[in-house]
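Each remark here refers to the structure printed beneath this line.
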Amino acid sequence: MPALKYLLIIFLSGLIISCGSNSGKKKNDFALKTNAEKGNISNNKTLTLSLINKKEHTIDSVVYTLNDKRINESTPLNDFKLGKQTIETKVYFDGETETISTPITILNSEAPKIFKYKIINEYPHDITSYTQGLEFHNGYLYESTGQYKESKLRKIDYKTGEVLKNVTLADDYFGEGLTILNNKVFQLTWKRGTGFVYDVDTLEKLSSFKYGNSKEGWGLCHYDNTIYKSDGTEKIWLLNSETLVEEDYIQVFTNKGKIVEINEMEWIDGKIYANRYQKDGVAIINPKNGGVIGVVDFSPLKKLVTQHQKLDVLNGIAYNPETKTIFVTGKRWDKLFEVEIIE
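Residues in the sequence shown are numbered from 0 upward in steps of one, following numbering that gives the first Met the number 0.
What follows is the structure in structure tokens.
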């Protein structure tokens, strides 16, 4: 009896192990093949799909979607957003359904153009300001500055550099980008997941808002009733200006790959002009698909400001609709430059 009991225990243990080994994920009966090379494909190409039927099932129908948009076995990509996307394949067969998710990365078809600039004017700028956001409204310049215990929101006479109104943030907030819409100033903070809303004239704080899927606050700009928000990654989020809910996003990509650390932004003539953190340049981005159209190298400007220990990178770009020119500055720069962009 002891021997029989021992054999029974061994048998049951083997059964348990055997059952456990079959509890893994069922292998797919189908696979999807694409013409994306190593998962990458340019947006001037046509995406082609072919279904591999491993067990030769009788297929009733197949539905392909790319980011929830129905596509065919052959689909031009010129109208799709760039970046990491997912093809979902639903195969209906023998009364069953199998879903396959296939990642691809859509790249921009053209390399960014190189733009130059010409300085039109120079204006004074507070050398202590760690500039994060810059925007014009009714002829005045609004600026958001960063650093803990130094962060501010300001309304400025840009010609003289005089600070007309000033709001100091609480010590535990690090100020980031700003934009102005519907007579309200929207200001981000960095790591607290919180933004603030102010009256544009008085700078009285009206409310605050929380971020959604984006964990950090970097830059802001807007067009019509959509607010664009960067978060330090390649993503630029599209926010509903009434609810401030993140409703969608684009990914910033060139013909080579993603561009991360998108910082201060400005909407200019249908494009997003964006600083990149620690880079003395500006990327010109197509807001429809995230493609980088051009790059402006502003690195020579840094040599034209007062050199000091705390001098930091270019950051801050604003379009003045009255002069139809662009203004740029940097973190702890003592000058604000009015420039013209030249291809």
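The beta carbon of each residue, even a glycine, is placed where N, CA and C say it ideally should be.
For the beta strand (DSSP E) containing residue i, name the first residue and the last one.
i	result
A282	280–284
E97	95–106
K83	82–92
I40	39–41
T305	First-last for T305: undefined, no H or E at that position.
V291	291–296
A317	313–319
L65	58–65
P75	73–75
Q277	Element bounds for Q277: n/a, residue is neither H nor E.
Spatial neighbours of residue i within its chain, please: C-beta separation below 7 Å, excluding the five flanking residues on both sides.
i	result
I103	T33, A35, G38, I40, Q84, I86
E142	S128, T130, G132, L133, R153, I155
I119	T324, E337, V338, E339
V199	H136, I179, N182, K183, V184
Answer with buried or exposed for residue i, where buried requires no fewer than 16 other C-beta atoms within 10 angstroms of its C-beta.
i	result
T232	buried
A30	exposed
R331	buried
S20	A caution first: S20 carries a pLDDT of 39, below 50, which makes its placement in the model too unreliable to give a value.
I261	buried
I235	buried
K228	buried
Y248	buried
L46	buried
G174	buried
S73	exposed
K302	exposed
D230	buried
Please state whether the Cβ-Cβ distance between residue i and residue j is less than 8 Å.
i	j	result
I340	I325	yes
M264	L335	no
D28	K54	yes
Y172	T188	yes
Y353	Y157	There is simply no residue 353 to check, as the chain begins at 0 and stops at 342 in what is shown.
D279	H124	no
G211	G194	no
H56	F92	yes
N353	N319	Given that the chain is displayed from residue 0 to residue 342, the structure contains no residue 353 and the question cannot be resolved.
Checking the sheet assignment: what are the DSSP bridge partners for residue i?
i	result
G211	Answer is none; G211 lacks a bridge partner.
H124	DSSP lists no partner for H124.
E265	Y272
R153	E142, N165
Q250	K234
D198	K183
F29	N52
Once the 5 residues before and after residue i are set aside, which same chain residues still bring their CB inside 8 Å of it?
i	result
T253	L106, N107, A110, P111, G290, V291
V294	P111, K112, I113, F114, G280, V281, A282, I283
T322	E337
Please return the same chain residues whose Cβ sits closer than 6 Å to the Cβ of residue i, not counting the five positions on each side in sequence.
i	result
S100	T85, E87
I70	Y63
K270	I283
D311	K330, R331
S240	L180, N224, I226
P75	T45
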